[in-house]
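Enquirer: Per our numbering, the sequence shown runs over residues -8 to 183. Backbone N, C-alpha and C define an ideal beta-carbon position, used for all residues, glycine too. Quick one: the structure is below, and I'll ask about it shortly.
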Amino acid sequence: WMIVDGSGIAITQKTETKLCLIKPTIDEKGNFMELAFPYTEPIRIALKESCGKKSAVQLCQSKVCGDRILGIDCGDSVADWLCDVLCMNGLRLIRQSAEDNRLSRKSSDNASIALANQAQYLLINMATVNWLISQVEDYKKTQSISVIQEDIADRFRANLIVDFPDILAELDWIRLQIGKIEFKCVGQCVRC
-8 WMIVDGSGIA ITQKTETKLC LIKPTIDEKG NFMELAFPYT EPIRIALKES CGKKSAVQLC
52 QSKVCGDRIL GIDCGDSVAD WLCDVLCMNG LRLIRQSAED NRLSRKSSDN ASIALANQAQ
112 YLLINMATVN WLISQVEDYK KTQSISVIQE DIADRFRANL IVDFPDILAE LDWIRLQIGK
172 IEFKCVGQCV RC
(Lines of atoms letter the chains of each structure in order from A and count residues from 1; the text may use other names and numbers.)
(Lines give C-alpha, C1' and ligand atoms only; values in the text may rest on other atoms or scores of the structure.)
Protein backbone atom coordinates (compact mmCIF):
# COMPACT_ATOMS: atom_id res chain seq x y z
CA TRP A 1 0.00 0.00 0.00
CA MET A 2 1.12 3.55 -0.60
CA ILE A 3 -0.41 6.99 -0.72
CA VAL A 4 0.41 9.03 -3.80
CA ASP A 5 -0.15 12.67 -4.63
CA GLY A 6 -1.86 14.03 -7.73
CA SER A 7 1.32 13.42 -9.75
CA GLY A 8 1.47 9.75 -8.73
CA ILE A 9 4.47 10.29 -6.45
CA ALA A 10 4.45 8.40 -3.16
CA ILE A 11 4.24 10.65 -0.09
CA THR A 12 6.28 9.80 3.01
CA GLN A 13 6.53 10.85 6.63
CA LYS A 14 9.69 12.77 5.79
CA THR A 15 7.57 15.47 4.20
CA GLU A 16 4.05 14.68 5.45
CA THR A 17 4.43 14.11 9.18
CA LYS A 18 0.68 13.67 9.73
CA LEU A 19 0.99 10.26 8.05
CA CYS A 20 2.17 8.91 11.41
CA LEU A 21 -1.32 9.57 12.80
CA ILE A 22 -2.99 7.16 10.36
CA LYS A 23 -3.44 3.85 12.15
CA PRO A 24 -4.01 0.84 9.87
CA THR A 25 -5.61 -2.28 11.33
CA ILE A 26 -5.87 -5.52 9.37
CA ASP A 27 -8.90 -7.76 9.93
CA GLU A 28 -8.11 -11.00 8.09
CA LYS A 29 -11.39 -12.67 9.05
CA GLY A 30 -13.41 -9.69 7.84
CA ASN A 31 -11.10 -9.33 4.83
CA PHE A 32 -10.54 -5.59 5.24
CA MET A 33 -8.03 -2.99 6.36
CA GLU A 34 -9.35 -0.16 8.51
CA LEU A 35 -7.64 3.22 8.52
CA ALA A 36 -8.19 5.39 11.59
CA PHE A 37 -7.19 8.99 12.26
CA PRO A 38 -7.77 11.02 15.45
CA TYR A 39 -11.23 12.63 15.71
CA THR A 40 -12.32 11.18 12.35
CA GLU A 41 -14.55 8.26 11.38
CA PRO A 42 -12.39 5.32 10.22
CA ILE A 43 -12.65 3.89 6.71
CA ARG A 44 -12.44 0.27 5.54
CA ILE A 45 -10.77 -1.05 2.40
CA ALA A 46 -11.16 -4.63 1.09
CA LEU A 47 -7.94 -6.65 1.38
CA LYS A 48 -8.46 -8.80 -1.68
CA GLU A 49 -8.54 -7.47 -5.20
CA SER A 50 -11.96 -8.11 -6.68
CA CYS A 51 -11.63 -10.32 -9.78
CA GLY A 52 -15.14 -9.45 -10.89
CA LYS A 53 -14.42 -5.71 -10.94
CA LYS A 54 -11.14 -5.66 -12.84
CA SER A 55 -12.61 -3.40 -15.50
CA ALA A 56 -13.58 -0.84 -12.86
CA VAL A 57 -10.14 -0.84 -11.28
CA GLN A 58 -7.74 1.85 -12.38
CA LEU A 59 -4.14 0.71 -12.82
CA CYS A 60 -1.57 3.28 -11.79
CA GLN A 61 2.17 3.65 -12.09
CA SER A 62 4.31 5.28 -9.47
CA LYS A 63 7.94 5.23 -8.38
CA VAL A 64 9.52 4.08 -5.13
CA CYS A 65 13.26 4.74 -4.90
CA GLY A 66 13.52 4.99 -8.68
CA ASP A 67 11.63 1.74 -9.35
CA ARG A 68 8.40 1.80 -11.36
CA ILE A 69 5.53 0.30 -9.35
CA LEU A 70 2.33 -1.10 -10.81
CA GLY A 71 -0.55 -0.56 -8.42
CA ILE A 72 -4.32 -0.55 -8.21
CA ASP A 73 -6.18 2.58 -7.17
CA CYS A 74 -8.39 1.81 -4.14
CA GLY A 75 -11.15 4.21 -5.14
CA ASP A 76 -12.63 7.62 -4.48
CA SER A 77 -14.00 6.97 -0.97
CA VAL A 78 -10.63 6.28 0.60
CA ALA A 79 -9.01 8.97 -1.56
CA ASP A 80 -11.47 11.56 -0.24
CA TRP A 81 -10.90 10.31 3.33
CA LEU A 82 -7.11 10.69 2.94
CA CYS A 83 -7.46 14.18 1.45
CA ASP A 84 -9.66 15.22 4.40
CA VAL A 85 -7.46 13.85 7.19
CA LEU A 86 -4.16 14.99 5.68
CA CYS A 87 -5.53 18.34 4.42
CA MET A 88 -4.12 17.74 0.94
CA ASN A 89 -5.72 17.53 -2.49
CA GLY A 90 -5.32 14.81 -5.09
CA LEU A 91 -4.27 11.93 -2.82
CA ARG A 92 -4.92 8.30 -3.81
CA LEU A 93 -4.39 5.02 -1.96
CA ILE A 94 -2.60 2.52 -4.17
CA ARG A 95 -2.36 -1.20 -3.51
CA GLN A 96 0.61 -2.96 -5.05
CA SER A 97 -0.60 -5.19 -7.86
CA ALA A 98 -0.11 -8.94 -7.41
CA GLU A 99 1.60 -8.92 -10.82
CA ASP A 100 4.18 -6.36 -9.65
CA ASN A 101 7.25 -8.00 -8.13
CA ARG A 102 9.78 -5.39 -7.03
CA LEU A 103 13.13 -6.98 -6.17
CA SER A 104 15.79 -5.91 -3.71
CA ARG A 105 18.89 -4.50 -5.37
CA LYS A 106 21.01 -5.44 -2.35
CA SER A 107 19.95 -9.09 -2.10
CA SER A 108 21.70 -11.69 -4.25
CA ASP A 109 18.63 -13.98 -4.22
CA ASN A 110 16.31 -11.31 -5.71
CA ALA A 111 14.07 -11.13 -2.65
CA SER A 112 10.84 -9.22 -3.11
CA ILE A 113 10.66 -5.97 -1.11
CA ALA A 114 7.13 -4.79 -1.93
CA LEU A 115 6.91 -1.00 -1.46
CA ALA A 116 9.68 -0.61 1.12
CA ASN A 117 12.61 1.67 0.32
CA GLN A 118 15.37 -0.87 0.84
CA ALA A 119 14.11 -3.84 2.84
CA GLN A 120 10.92 -5.08 4.45
CA TYR A 121 12.27 -4.57 7.97
CA LEU A 122 14.73 -2.25 9.68
CA LEU A 123 16.56 -3.43 12.80
CA ILE A 124 18.51 -1.44 15.38
CA ASN A 125 20.58 -2.63 18.31
CA MET A 126 20.19 -0.71 21.58
CA ALA A 127 23.88 -1.24 22.41
CA THR A 128 24.70 0.64 19.22
CA VAL A 129 22.16 3.34 20.07
CA ASN A 130 23.79 3.75 23.50
CA TRP A 131 27.23 3.93 21.87
CA LEU A 132 25.92 6.61 19.48
CA ILE A 133 24.56 8.61 22.42
CA SER A 134 27.97 8.42 24.11
CA GLN A 135 29.58 9.97 21.01
CA VAL A 136 27.44 13.13 21.06
CA GLU A 137 28.50 15.76 23.62
CA ASP A 138 25.05 17.35 23.91
CA TYR A 139 23.52 14.05 24.99
CA LYS A 140 26.03 13.70 27.84
CA LYS A 141 24.64 16.87 29.45
CA THR A 142 21.09 15.54 29.54
CA GLN A 143 19.89 14.12 32.82
CA SER A 144 17.45 11.49 31.55
CA ILE A 145 19.35 8.93 29.50
CA SER A 146 16.26 6.70 29.13
CA VAL A 147 14.35 9.52 27.40
CA ILE A 148 17.28 10.08 25.03
CA GLN A 149 17.52 6.34 24.31
CA GLU A 150 13.85 6.17 23.40
CA ASP A 151 14.04 9.34 21.31
CA ILE A 152 17.09 8.18 19.35
CA ALA A 153 15.62 4.70 18.83
CA ASP A 154 12.37 6.26 17.56
CA ARG A 155 14.27 8.42 15.06
CA PHE A 156 15.50 5.31 13.25
CA ARG A 157 11.88 4.10 12.81
CA ALA A 158 12.96 0.48 13.17
CA ASN A 159 10.54 -2.42 12.95
CA LEU A 160 12.80 -4.58 15.12
CA ILE A 161 14.70 -3.36 18.18
CA VAL A 162 17.17 -5.77 19.77
CA ASP A 163 19.48 -5.43 22.75
CA PHE A 164 22.55 -7.40 21.74
CA PRO A 165 25.52 -6.72 24.05
CA ASP A 166 28.10 -5.97 21.35
CA ILE A 167 28.22 -2.49 19.80
CA LEU A 168 27.77 -2.49 16.01
CA ALA A 169 27.51 -6.29 15.97
CA GLU A 170 24.51 -6.04 13.65
CA LEU A 171 26.77 -4.78 10.85
CA ASP A 172 28.25 -8.27 10.49
CA TRP A 173 25.04 -10.28 10.74
CA ILE A 174 23.99 -12.38 7.76
CA ARG A 175 20.85 -13.87 9.28
CA LEU A 176 18.77 -13.27 12.40
CA GLN A 177 16.24 -15.66 13.91
CA ILE A 178 13.45 -14.53 16.22
CA GLY A 179 11.44 -17.53 17.38
CA LYS A 180 10.71 -19.58 14.27
CA ILE A 181 11.09 -16.62 11.90
CA GLU A 182 14.41 -16.21 10.10
CA PHE A 183 15.38 -12.85 8.62
CA LYS A 184 18.09 -12.35 6.02
CA CYS A 185 20.25 -9.28 6.57
CA VAL A 186 20.71 -7.45 3.28
CA GLY A 187 22.92 -4.61 4.46
CA GLN A 188 23.04 -1.29 6.20
CA CYS A 189 20.26 1.22 5.76
CA VAL A 190 21.52 4.17 3.74
CA ARG A 191 19.14 6.46 5.66
CA CYS A 192 20.80 5.48 8.94
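In whole angstroms, give me the CA-to-CA distance for G(-1) and G62.
Expert: Each residue's Cα considered, the two are about 11 Å apart.
Enquirer: When you compare each of E19, I13, K20 to I34 by their alpha carbons, which one comes out closest?
Expert: That would be I13, whose Cα lies nearest to the Cα of I34.
Enquirer: Could you check which residue in D75, R83, N22, F174 has the C-alpha nearest to that of W(-8)?
Expert: When only C-alpha atoms are compared, the closest one is R83.
Enquirer: Between which two residues does the beta strand (DSSP E) holding D67 run?
Expert: No beta strand (DSSP E) contains D67, which is instead part of the alpha helix (DSSP H) from 67 to 77.
Enquirer: So what does DSSP say about V(-5), is it helix, strand or coil?
Expert: Residue state, collapsed to three classes: strand.
Enquirer: Here's the rule: buried if 16 or more other CB atoms are within 10 angstroms of the residue's CB, otherwise exposed. What is R86?
Expert: So R86 ends up on the buried side.
Enquirer: In angstroms, rounded to a whole number, what distance separates the CA positions of I139 and Y130?
Expert: Approximately 7 Å between the Cα atoms of the pair.
Enquirer: Tell me the DSSP secondary structure of K9 in three-state form.
Expert: Here K9 sits in helix by DSSP.
Enquirer: Just to confirm, are I115 and L151 a CB contact at a threshold of 9 Å?
Expert: Yes. Within cutoff.
Enquirer: Do C78 and K9 have their C-beta atoms within less than 9 Å of each other?
Expert: A contact, by the Cβ cut-off of 9 Å.
Enquirer: Would you mind stating whether Y112 and F28 have Cβ atoms separated by less than 9 Å?
Expert: Cβ atoms of Y112 and F28: not closer than 9 Å.
Enquirer: Sort out for me which residues DSSP pairs D18 with in a bridge.
Expert: Paired residues: F23.
Enquirer: My understanding is that D154 touches G81, with C-beta atoms under 8 Å, so please give their C-beta distance in whole angstroms.
Expert: In fact, because the Cβ distance is near 43 Å, the residues do not count as touching under 8 Å.
Enquirer: Return the residue from the list I(-6), F147, S88, F23 that minimises the CA-CA distance to C74.
Expert: Selected option, being the one with the closest Cα: I(-6).
Enquirer: Tell me the rounded alpha-carbon separation between G178 and L162.
Expert: Cα to Cα, the separation comes out at about 7 Å.
Enquirer: In this structure, does DSSP put V177 in helix, strand or coil?
Expert: In this structure, V177 counts as coil in the three-state DSSP scheme.
Enquirer: What's the gap between the Cα of A118 and the Cα of I169?
Expert: Distance between the alpha carbons of A118 and I169 is about 18 Å.
Enquirer: Helix, strand or coil for V127 per DSSP?
Expert: If DSSP states are grouped into helix, strand and coil, V127 belongs with coil.
Enquirer: Helix, strand or coil for Q168 per DSSP?
Expert: Note: Q168 maps to strand in three-state DSSP.
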